[in-house]
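> Just so we're aligned: the sequence shown equals residues 5 to 414 in the numbering used here.
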Amino acid sequence: MFDLDRWREIFQSINKNRLRSVMSGFTVAFAILLFTLLFGVANGLGNFFKGAFADDAQNAMFVRVWKTSKPYKGLQTGRRVQLKNKDYDYIADEYENKIQYKSSRIYKNFTIKYKNEASSYSVMAVNPDHQYLEKTIINEGRYLNERDLKAKSKVIVIGRLIKKDLFGEKPALGKRVNVNGSSFLIIGIFSDDGGDNEERKAFIPLSTSQAMYGNNDYISQIALGYNPNLSTDAAIAFGNQMERDLRKKLNIHPDDQSALSVRNMAEANKFVGTVMLALFFIITFIGSGTLIAGIIGISNIMIFVIKERTKEFGIRKALGAKPSSIVGMVVQESVLITTIAGYVGLTIGTYILSLIGNSLEEKYFIKDPSVSSEIVIGATFVLIVSGLIAGYLPAKRAANIKPIEALRAD
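Shown next as structure tokens:
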């Protein structure tokens, strides 16, 4: 394998037959290039779907209400449905074993002011579990806790960009800000993978909001995290059952989607899983076809090459070369060309994906298209083995021909 004379002969053969070497390499490089692009685009679509749900927990469910669009039990159309604390407590008690996290939500838009800096921000009143439902990352301080909720504390957790807007590079933790005319203590600063809009939000205790802004027990939405031990189908069934029970409890028509809806991430996960599985099979089928085409191309070229070099092999045998030496030289040459061409195809494919990545995301919802090194290395290995077999079989036949017959070959 490390015979210097053998490698010198191989490079001389490649240099002497440049067109043949280039054609062999091009077949492999093109196959790996297409393979890389196909799987890169597929992974990009997968990244887009994952990014679309990056802001919420994968097991999240959201109960929202609005106005009725159908009459029911003598109640007229256009009735405003209102969720209350008792509805939240009902869900928490009724489905305790199927719920991992739970939180009510109240949406507000308030001006938050610190000294001379002020701006309007989305302020959400929540329960402590909301941290996990929203996938909130605490950078400084802490999140809301049960003590804040029971004491109806005037505390606030602000997003990273609110801190930047109001405080710049100065510390914000422990400072007081004016929220819609009331003083709140900053107890935490968070970041969020959902983007800039999510980091310009603030969270306050639900009980504080209900006491200060309405003196009622109204809530805007209920957010849940279903038990992660539930299968996808079981989680979907749980969401459907809860929706039916809430419709009965709130006197809403069974088919009135406007009045009440449950957004269940289990349904989204199942849809994305189905799409990605179908896409994987399609890409695998096309990618396999590309590899097979590459294998056929290598085989055809190697058969032609061996036939072309039959006289050369006859001379080598006449000079004392062993058949195994001839076969080994051809196989090494084939593997070398295949390996180098595979690497070139992978490099070009990866570069193209990085070059067009941004435009694909803007136009076709393909985010960060890339391909795992394991898949491409595996595909390259398949082509290398194919190149080895493609070179070995015809070379072995040619090496076993008698020298006199080889010299007479056309």
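Glycine is no exception: its CB is placed at the ideal position from the N, C-alpha and C atoms.
Note that this is a predicted model, so its numbers are computed, not measured.
Decide if Ile-141 is buried, meaning its Cβ has at least 16 other Cβ atoms within 10 Å, or exposed.
Looking up residue 141 in the sequence shown gives position 137. Counting Cβ neighbours within 10 Å, Ile-141 comes out exposed, since fewer than 16 surround it.
> Measuring CB atoms only, is the region 256-266 touching the region 163-171, in the sense that at least three cross pairs come out at less than 8 Å?
Inter-segment contact for the region 256-266 and the region 163-171 is absent: fewer than three beta-carbon pairs are separated by less than 8 Å.
> Within 8 Å, do at least three Cβ pairs link the region 92-104 to the region 236-246?
Judged by Cβ distances under 8 Å, the region 236-246 makes contact with the region 92-104, as three or more pairs qualify.
> Within a Cβ cutoff of 6 Å, which residues of the same chain sit near Asn-89, ignoring the five residues on either side of it in sequence?
Numbered from its first residue, the sequence shown carries residue 89 at position 85. Result list for Asn-89: Asp-221, in chain order.
> So what's Val-375 in DSSP terms, helix, strand or just coil?
In the sequence shown, residue 375 corresponds to position 371, counting from 1. Correct three-state label for Val-375: coil.
> By how many angstroms is the C-alpha of Leu-41 removed from the C-alpha of Phe-430?
Since the first residue shown for the chain is 5 and the last is 414, residue 430 is missing from the structure and cannot be characterised.
> With Val-85 and Leu-264 assumed to form a contact (beta carbons below 8 Å), what rounded beta-carbon distance in angstroms separates them?
Translated into the one-based positions of the sequence shown, residue 85 becomes position 81. Translated into the one-based positions of the sequence shown, residue 264 becomes position 260. 6 Å between Cβ atoms; contact.
> Looking only at C-alpha atoms, which of Lys-156, Ala-241, Thr-343 and His-134 sits nearest to Ala-206?
Against the sequence shown, residue 206 aligns to sequence position 202. Of Lys-156, Ala-241, Thr-343 and His-134, the residue nearest in Cα terms is His-134.
> Applying the criterion that 16 or more other CB atoms from any shown protein chain within 10 Å of the CB defines a buried residue, is Phe-275 buried or exposed?
Position 271 of the sequence shown, counted from the first residue, corresponds to residue 275. It is exposed - the Cβ of Phe-275 has fewer than 16 other Cβ atoms within 10 Å.
> Take the Cβ of Phe-285 as the centre, count every other Cβ of all protein chains shown within 10 Å, and call the residue buried at 16 or more, exposed below.
Position 281 of the sequence shown holds residue 285. With fewer than 16 other Cβ atoms within 10 Å, it is exposed.
> If you run the structure through DSSP and keep just helix, strand and coil, what is Ser-235?
Counting from one through the sequence shown, the residue named residue 235 turns up at place 231. Here Ser-235 carries a coil assignment [DSSP, helix/strand/coil].
> Apply the 10 Å Cβ neighbour rule to Tyr-355 and answer buried if 16 or more other Cβ atoms are within range, or exposed otherwise.
Along the sequence shown, read from residue 1 onward, the residue named residue 355 stands at position 351. That one is exposed.
> For Gly-75, does the three-state DSSP call read helix, strand or coil?
If you number the sequence shown from 1, residue 75 lands on position 71. The sequence as given places Pro at residue 75; Gly does not occur at that position. In this structure, Pro-75 counts as coil in the three-state DSSP scheme.
> Val-85 by DSSP, collapsed to three states: which one?
To locate residue 85, count along the sequence shown from 1; it is residue 81. The answer is coil: DSSP assigns Val-85 none of H, G, I, E or B.
> Are the region 170-181 and the region 214-228 in contact at 8 Å, needing three or more beta carbon pairs?
no
> What are the uninterrupted segments assigned as alpha helix (DSSP H) that are 4 or more residues long and contained completely in the region 280-355, given in chain order?
314-322
> Buried or exposed: Ser-107, going by 16 or more other Cβ atoms within 10 Å of its Cβ?
One-based indexing of the sequence shown puts residue 107 at position 103. The residue is buried, with at least 16 neighbouring Cβ atoms inside 10 Å.
> For Gln-261, count the other beta carbons within 10 Å of its own beta carbon; 16 or more makes it buried, fewer makes it exposed. Which is it?
In the sequence shown, the residue the question calls residue 261 occupies position 257. It counts as exposed.
> Taking the alpha-carbon positions, what's the Asp-152 to Gly-199 distance?
Looking up residue 152 in the sequence shown gives position 148. Looking up residue 199 in the sequence shown gives position 195. Cα to Cα, Asp-152 sits roughly 27 Å from Gly-199.
> Could you give the distance in angstroms between the alpha-carbon of Val-130 and the alpha-carbon of Ile-388?
For the purposes of this step, residue 130 is taken as residue 126 along the sequence shown, with counting starting at 1. For the purposes of this step, residue 388 is taken as residue 384 along the sequence shown, with counting starting at 1. When rounded, the distance between both Cα atoms is 58 Å.
> Quick check on the burial criterion: 16 or more other C-beta atoms within 10 angstroms. Buried or exposed for Gln-289?
Residue 289 sits at position 285 when you count from the first residue of the sequence shown. According to the sequence as given, residue 289 is Phe; it is not Gln. Under this definition Phe-289 is an exposed residue.
> Within 10 angstroms of the Cβ of Arg-320, are there 16 or more other Cβ atoms? Answer buried if so, exposed if not.
If you number the sequence shown from 1, residue 320 lands on position 316. Burial call: buried.
> Quick check: Gly-349 and Ile-36, are their CB atoms within less than 8 Å of each other?
As a working mapping, residue 349 is identified with position 345 in the sequence shown. As a working mapping, residue 36 is identified with position 32 in the sequence shown. Yes, they are a contact pair.
> Tell me where the beta strand (DSSP E) around Ile-110 begins and ends.
Here residue 110 corresponds to residue number 106 of the sequence shown, with the count starting at 1. 103-118 is the span of the beta strand (DSSP E), which, as asked, contains Ile-110.
> Is it buried or exposed, Lys-371, if we count other Cβ atoms within 10 angstroms and call 16 or more buried?
As a working note, residue 371 is residue 367 in the sequence shown. Buried, because 16 or more other Cβ atoms sit within 10 Å of the Cβ of Lys-371.
> Suppose contacts are defined by Cβ-Cβ distances below 8 Å. Is Val-127 in contact with Val-183 by that definition?
Mapped onto the sequence shown, residue 127 falls at position 123. Mapped onto the sequence shown, residue 183 falls at position 179. Yes. Within cutoff.
> Alpha carbon to alpha carbon, how far is Gly-293 from Ile-307?
The sequence position of residue 293 within the sequence shown is 289, counting from 1. The sequence position of residue 307 within the sequence shown is 303, counting from 1. So the two alpha carbons sit approximately 21 Å from each other.
> In this structure, what does DSSP give as the bridge partners for Lys-205?
On the sequence shown, residue 205 is found 201 positions in, with the first residue counted as 1. Answer by DSSP bridge pairing, in chain order: Ser-126.
> Can you tell me the Cβ-Cβ gap for Pro-132 and Tyr-147, rounded? I've got them flagged as a contact below 8 Å.
Start at 1 with the first residue of the sequence shown, and residue 132 comes out as number 128. Start at 1 with the first residue of the sequence shown, and residue 147 comes out as number 143. Sure, about 7 Å apart at Cβ, within 8 Å.
> If you count every other CB in all the chains shown that lies within 10 Å of the CB of Ile-193, and 16 or more means buried, which is it?
The sequence position of residue 193 within the sequence shown is 189, counting from 1. Result: buried.
> Tell me which residue opens and which closes the alpha helix (DSSP H) that Leu-170 is part of.
For the purposes of this step, residue 170 is taken as the residue at position 166 of the sequence shown. For Leu-170, the enclosing alpha helix (DSSP H) covers residues 164-171.
> Three-state secondary structure (DSSP) at Tyr-222?
Walking along the sequence shown from the start, residue 222 turns up at place 218. Three-state result, Tyr-222: strand.
> Could you give the first and the last residue of the continuous alpha helix (DSSP H) run that contains Ser-215?
For the purposes of this step, residue 215 is identified with residue 211 of the sequence shown, where counting begins at 1. Before going on, a small fix: residue 215 reads as Ala here, not Ser. From DSSP, the alpha helix (DSSP H) with Ala-215 extends over 210-216.
> Figure out for me which residue from Leu-357, Phe-317, Ser-358 and Ile-405 has the closest Cα to the Cα of Glu-13.
Counting from 1 along the sequence shown, the entry for residue 13 is found at position 9. Ranking the options by Cα distance to Glu-13, first place goes to Phe-317.
> Using only the alpha-carbon positions, how far apart do Ala-383 and Ile-300 sit?
Against the sequence shown, residue 383 aligns to sequence position 379. Against the sequence shown, residue 300 aligns to sequence position 296. In a straight line, the C-alpha of Ala-383 is about 15 Å away from that of Ile-300.
> Residues in the same chain with beta-carbon distance under 7 Å from Asn-149, minus the five sequence neighbours each way, listed in chain order, please.
Position 145 of the sequence shown, counted from the start, is the residue given in the question as residue 149. Pro-132.
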